[in-house]
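Those letters in the sequence shown? Residues 682 to 827, per our numbering, in order. Glycine is no exception: its CB is placed at the ideal position from the N, C-alpha and C atoms. This structure is a prediction, so every number in the text was calculated from the model and none was measured. This report concerns only the one structure given below.
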Amino acid sequence: MPSYQTLDTIADAYLPVLGILQLWLIVAALRHKAWRQAAVLTVMVLGGLVIAYGLMFLDQTYLLWQRLGLDYSTHTAVALVLVSAWAVCSQRGRIIGPLSLMLYCLLMLFQHYHTPADILSTAAIVGLLDMPVIRYTVRSLPPPRA
Numbered sequence: 682m683p684s685y686q687t688l689d690t691i692a693d694a695y696l697p698v699l700g701i702l703q704l705w706l707i708v709a710a711l712r713h714k715a716w717r718q719a720a721v722l723t724v725m726v727l728g729g730l731v732i733a734y735g736l737m738f739l740d741q742t743y744l745l746w747q748r749l750g751l752d753y754s755t756h757t758a759v760a761l762v763l764v765s766a767w768a769v770c771s772q773r774g775r776i777i778g779p780l781s782l783m784l785y786c787l788l789m790l791f792q793h794y795h796t797p798a799d800i801l802s803t804a805a806i807v808g809l810l811d812m813p814v815i816r817y818t819v820r821s822l823p824p825p826r827a
């Protein structure tokens, strides 16, 4: 079994890897002159990140999750946003993305970063708030590529 520090390093690398993947997908769309796809994907990612970090700000200001005995999981929120964008624009992302997100959540639980209630409550609220952005993107994008 890997050490706590090794698993911590893996957990710390997950969001940057997802972020780099999103940048790569946007750049790939631009290289193929798929301007609309690049623009819509950018709007989806940025819109979702505004929601994730906006909720973090609101939670820190008003202690929304703390009042319920919970902790807002910024990592869960950002991971959900980036995985959702990946799933919308890539067939591989539809399979690998949710699987990687589930493994990341299990890793956060194993490392005692958050409780199941922290992760589920964050994912539910961010998912509901991000749904209009996702729906707009799904309607605006051409069919996903492999």
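Between the Cα of residue i and the Cα atoms of the options, which residue gives the shortest distance?
{"i": "S765", "options": "Y685, G808, A720 and L801", "result": "G808"}
{"i": "S781", "options": "H793, Q792 and A768", "result": "A768"}
{"i": "Q718", "options": "V726, G728, I707 and L784", "result": "I707"}
{"i": "L801", "options": "P697, I776 and L787", "result": "L787"}
{"i": "L810", "options": "Y785, G729, L711 and M783", "result": "G729"}
{"i": "Y817", "options": "S684, L722 and K714", "result": "L722"}
{"i": "H759", "options": "I691, G700, P683 and R820", "result": "Contrary to the premise, residue 759 reads as Val rather than His in this sequence. For V759, the nearest C-alpha among the options comes from G700."}
{"i": "L727", "options": "L704, L745 and L784", "result": "L704"}
{"i": "V762", "options": "P797, Y734 and I691", "result": "Y734"}
{"i": "F738", "options": "M725, S754 and Y685", "result": "S754"}
{"i": "G774", "options": "Y785, A692, L702 and P683", "result": "L702"}
Which stretch, first to last residue, makes up the alpha helix (DSSP H) that contains residue i?
{"i": "H756", "result": "T755 to C770"}
{"i": "P683", "result": "Per DSSP, P683 belongs to no alpha helix (DSSP H) and is neither H nor E."}
{"i": "L749", "result": "L749 -> no alpha helix (DSSP H), and no H or E assigned at all."}
{"i": "T796", "result": "Counting along the chain, T796 falls outside any alpha helix (DSSP H), and DSSP gives it neither H nor E."}
Quick one: is residue i buried, meaning 16 or more other Cβ sit within 10 Å of its Cβ, or exposed?
{"i": "T687", "result": "exposed"}
{"i": "T757", "result": "buried"}
{"i": "Q732", "result": "Reading the sequence as shown, one finds Ile at residue 732 and not Gln. When all chains shown are included, I732 counts as buried."}
{"i": "T803", "result": "buried"}
{"i": "D740", "result": "buried"}
{"i": "A805", "result": "exposed"}
{"i": "W716", "result": "exposed"}
{"i": "A710", "result": "buried"}
{"i": "G642", "result": "The structure shown does not extend to residue 642, since the chain spans only 682 to 827, so no value can be given for it."}
{"i": "L784", "result": "exposed"}
{"i": "D799", "result": "buried"}
{"i": "Y695", "result": "buried"}
{"i": "V698", "result": "exposed"}
*Which parts of the stretch 693-744 are runs of the alpha helix (DSSP H), unbroken and 4 residues or longer, counting only runs that do not cross its ends?*
Fully enclosed alpha helix (DSSP H) runs of 4 or longer: 716-743.
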